[in-house]
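Enquirer: Okay, handing you the structure first.
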Amino acid sequence: MDNECVVRARGLPWSATPEDIQNFFKDCNIVGGPQNGVHFTFGIDGRPSGECFVQFVSEKDVEKALEMNNEHMGKRYIEVFRSKAEEMEWVIKRMGPPSDRDQEAVVKLRGLPYGCSKEEIAQFFTGLEIVPNGITITLDEEGKTTGEGFVEFASPEIAGQAMQKHKEKIGHRYIEIFKSSKSDIKYVLKPKPLMSTRPGPYDRMGGPFGGPRFGRGGGDQFERRGGFGGGRSGGTGGFSGVSSTGHTVAMRGLPFGAKETDVKQFFMPLNPVEVRLRWGPDGRCCGEGEVDFATHADATAAMSKDRQTMGHRYIELFLNSSPDGSQGGWSGSNQRSGNVASNQQGGDTNPQQG
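Just so you know, we're using the UniProt record's numbering here: the sequence shown kicks off at 1 and counts up by one.
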């Protein structure tokens, strides 16, 4: 690939196609057409990263493409950056192969009312055939719903129809719907590693956080107890998260409006396994978080993002990973300590499957 007229697009819908990219850049000439000049990227697990590289015919096309920065594709804002062929080649070489989730009939739901039942979910998808015992609602350790769930339909085509209900309501809640897979359901059914009480680099105050879910459930208590580098009021708590992989990167300097999706986009083309943000009593991010990666190599690669910006904020990164996975989450031993907290892609522990 010797063509230097390359841009990188970020924030794409997972279902985006080469034709969608061509339509987005409709005034620009793509090398070889969309099937040859659009290169989607995937995480190590084969999931779409929400990014792609596009090769254009001329510098003039690139300049037109850059004018599309922050324009919409559907309901998504798309970021457009100038890139290089060598960056595109490097990313394409190290990414995993595309997954076969398009051939599966599973969707993930986010934003479910916390009292939502399987019957309400089935009613939400009235007219679409769900397989027997095909509804899974994820629960936390206290048996409370997390607001997420999975539904397996009778065919990929029916699952595609279900995707069209994205952003429709159950009660007063807008429901987000994403393509998913059976492997995602299996993942959330796995027991998660237990909380460690061994202090780490940022556990100067020591101790677990204060709610059943990481963040909003006990955010006020956790806020008072402190966090990275010590608490505001000198309490007795710290930022001791739960690592599901042993390969953790801690973040400091996050914008107050940061969300899990912002963190995942920050680390693209790497695909985090789990994101844990620290929340204040007002429900906003307190500027700190932990991110788990599947391997030590990925966690190390993520450190290349140190001091890069998210919005207008420089992000500091701190590595806590070892090749054997014995570290991560600022934890070492596997002692239980009250609460398991998770904001991970697949949901929380102890799912209820029916």
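Glycine included, every Cβ here is placed at the ideal spot set by N, Cα and C.
Quick check on D298: buried or exposed, where buried means 16 or more other Cβ atoms within 10 Å of its Cβ?
Expert: Start at 1 with the first residue of the sequence shown, and residue 298 comes out as number 298. Looking at its Cβ environment, which holds 16 or more other Cβ atoms inside 10 Å, D298 is buried.
Enquirer: Tell me, please, which residues DSSP counts as bridged to H72.
Expert: Translated into the one-based positions of the sequence shown, residue 72 becomes position 72. Partner residues in the beta bridge of H72, as assigned by DSSP, are Y77.
Enquirer: Label G32 either buried or exposed according to how many other C-beta atoms from any shown protein chain fall within 10 Å of its C-beta, with 16 as the threshold for buried.
Expert: Taking the sequence shown and counting its residues from 1, the one referred to as residue 32 is at position 32. Exposed.
Enquirer: To the nearest angstrom, how far is it from the Cα of E63 to the Cα of P272?
Expert: Within the sequence shown, the letter at position 63 stands for residue 63. Within the sequence shown, the letter at position 272 stands for residue 272. Roughly 32 Å between the two C-alpha positions.
Enquirer: Distance, Cα to Cα, S155 vs T146?
Expert: Your numbering for residue 155 matches position 155 in the sequence shown. Your numbering for residue 146 matches position 146 in the sequence shown. Their Cα atoms are separated by approximately 26 Å.
Enquirer: Please state the DSSP three-state secondary structure of A85.
Expert: Taking the first residue of the sequence shown as 1, we reach residue 85 at position 85. Helix, per DSSP.
Enquirer: Give the single residue among F153, T126 and G143 whose Cα lies nearest to the Cα of I135.
Expert: As a working mapping, residue 135 is identified with position 135 in the sequence shown. Nearest option by C-alpha distance: F153.
Enquirer: Report the rounded CA-to-CA distance for A302 versus S15, giving the unit in angstroms.
Expert: Position 302 of the sequence shown holds residue 302. Position 15 of the sequence shown holds residue 15. Cα to Cα, A302 sits roughly 25 Å from S15.
Enquirer: Helix, strand or coil for D282, going by three-state DSSP, please let me know.
Expert: Taking the first residue of the sequence shown as 1, we reach residue 282 at position 282. Looking at D282 - three-state DSSP - the assignment turns out to be coil, as it is neither helix nor strand.
Enquirer: Is it a yes or a no for the stretch 23-37 touching the stretch 81-91, going by three-plus beta-carbon pairs under 8 Å?
Expert: no
Enquirer: Report the rounded CA-to-CA distance for K259 versus Q308, giving the unit in angstroms.
Expert: In the sequence shown, residue 259 corresponds to position 259, counting from 1. In the sequence shown, residue 308 corresponds to position 308, counting from 1. If I take the Cα positions, the gap works out to 17 Å.
Enquirer: Count the other CB atoms, across all protein chains shown, that sit within 10 Å of the CB of P179; report buried if there are 16 or more and exposed otherwise.
Expert: Residue numbering aside, residue 179 sits at position 179 when the sequence shown is read from its first letter. What sits at residue 179 in the sequence shown is Lys, not Pro. Buried, by the Cβ-count rule.
Enquirer: The alpha helix (DSSP H) that contains V62, what's its start and end?
Expert: The residue given as residue 62 occupies position 62 in the sequence shown. From DSSP, the alpha helix (DSSP H) with V62 extends over E59 to L66.
Enquirer: Helix, strand or coil: which one does DSSP assign to P113?
Expert: The residue labelled residue 113 in the question sits at position 113 within the sequence shown. Three-state result, P113: coil.
Enquirer: For A122 and E104, I'd like the C-alpha separation in whole angstroms.
Expert: Taking the sequence shown and counting its residues from 1, one reaches residue 122 at position 122. Taking the sequence shown and counting its residues from 1, one reaches residue 104 at position 104. Taking the straight line from one Cα to the other gives about 19 Å.
Enquirer: Is V6 helix, strand or coil by DSSP?
Expert: Taking the sequence shown and counting its residues from 1, the one referred to as residue 6 is at position 6. V6: strand per DSSP, three-state reduction.
Enquirer: With burial defined as no fewer than 16 other Cβ atoms inside 10 Å of the residue's Cβ, what is the status of D184: buried or exposed?
Expert: Counting from one through the sequence shown, the residue named residue 184 turns up at place 184. Answer is buried; the Cβ neighbour count reaches 16.
Enquirer: For K75 and N320, I'd like the C-alpha separation in whole angstroms.
Expert: Against the sequence shown, residue 75 aligns to sequence position 75. Against the sequence shown, residue 320 aligns to sequence position 320. Roughly 36 Å separates the two Cα atoms.
Enquirer: With burial defined as no fewer than 16 other Cβ atoms inside 10 Å of the residue's Cβ, what is the status of M68: buried or exposed?
Expert: By one-based count along the sequence shown, residue 68 stands at place 68. Its Cβ being crowded by 16 or more others within 10 Å, M68 is buried.
Enquirer: Rank G171, Q164, V188 and P113 by C-alpha distance to the C-alpha of residue 355 and give the top, closest one.
Expert: Here the chain covers residues 1 to 354 and nothing more, so residue 355 does not appear.
Enquirer: In terms of residues, what are the limits of the beta strand (DSSP E) holding G160?
Expert: What you label residue 160 is simply residue 160 of the sequence shown in a count that begins at 1. Unbroken run through G160 is the alpha helix (DSSP H), P156 to M163; no beta strand (DSSP E).
Enquirer: Is N23 helix, strand or coil by DSSP?
Expert: Taking the first residue of the sequence shown as 1, we reach residue 23 at position 23. Look at N23 here: in three-state DSSP terms it is helix.
Enquirer: Can you tell which of E168, C5 and D61 has its C-alpha closest to the C-alpha of D27?
Expert: As a first step, residue 27 is located in the sequence shown; it is residue number 27 there, counting from the start. The shortest C-alpha separation from D27 is found at D61.
Enquirer: Just checking my contact of R8 with E51 at CB under 8 Å: how many whole Å lie between their CB atoms?
Expert: In the sequence shown, residue 8 corresponds to position 8, counting from 1. In the sequence shown, residue 51 corresponds to position 51, counting from 1. Taking the Cβ atoms as the reference, R8 lies roughly 6 Å from E51, within the contact range of under 8 Å.
Enquirer: Under the three-state reduction of DSSP, which class applies to R307: helix, strand or coil?
Expert: For this step, residue 307 is matched to residue 307 along the sequence shown. Residue state, collapsed to three classes: coil.
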